[in-house]
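In the numbering used here, the protein residues as written are 1 to 158. Idealized CB from N, CA, C, for every residue including glycine. Keep in mind the model is a prediction, meaning the values are calculated, not measured. The next block holds one structure in the form of structure tokens; read it before the comments.
Below, the structure is given as structure tokens:
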């Protein structure tokens, strides 16, 4: 799969599709996907932005997205999700590159995120792209409503 278009900014009309994509991406992790309203509110709230990767076509299909915010010189990735059919094809890496560039353009000097200690593919991606552990949040994630899983707090300079 190749992308003929760069990652583009979020449009309010994207929210429903991104909510579906997020729900599908989070289900295997035992987590609830975010609603259309939650995604739109965060993307359009103070410091918030979202970037969308699409495959060409009519209509284009959403391959993934990243939702982030920049406040007081720090950027935070709130969530990143890639459609199952687009995984292991560079979409997440492309979204990370795009969020780094956007965060820099908004004056951020550091990028943070939380990731489950059980999410090996994401941990490998973040390590390859320069993130390092700076903390741990014990019991941060509620998995299937029955158990708690720690999150690593990762950061990298911009």
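- With a threshold of 16 other beta carbon atoms within 10 Å, residue 127 falls short and is exposed.
- At the C-beta level, residue 65 and residue 111 stay beyond 9 Å of one another.
- About 27 Å separates the beta carbon of residue 35 from that of residue 93, a gap too long to meet the 8 Å contact definition.
- Judged by their CB atoms, residue 108 and residue 75 are nearer to each other than the 9 Å cut-off.
- Rounded to whole angstroms, the Cβ separation of residue 53 and residue 115 is 19 Å, and the two are not in contact under 8 Å.
- Within the DSSP secondary-structure output, residue 18 pairs in no beta bridge.
- Here residue 52 is bridged, per DSSP, to 8 and 65.
- Classified as exposed, residue 13 has fewer than 16 neighbouring CB atoms from the shown chains inside 10 Å of its CB.
- For residue 96, there is no enclosing beta strand (DSSP E); the enclosing alpha helix (DSSP H) has its first and last residue at 91–105.
- About 29 Å separates the beta carbon of residue 149 from that of residue 102, a gap too long to meet the 8 Å contact definition.
- For residue 9, the CB contacts under 8 Å within the same chain, skipping 5 residues up- and downstream, are 49, 50, 51 and 52 in chain order.
- By the Cβ neighbour-count rule, residue 86 is buried, with 16 or more other Cβ atoms within 10 Å of its own.
- With distances taken between CA atoms, residue 147 lies nearest to 29 out of 29, 95 and 123.
- Contact between residue 134 and residue 154 holds: their C-beta atoms lie close to 7 Å from each other, under 8 Å.
- For residue 82, the CB contacts under 6 Å within the same chain, skipping 5 residues up- and downstream, are 64, 91 and 92 in chain order.
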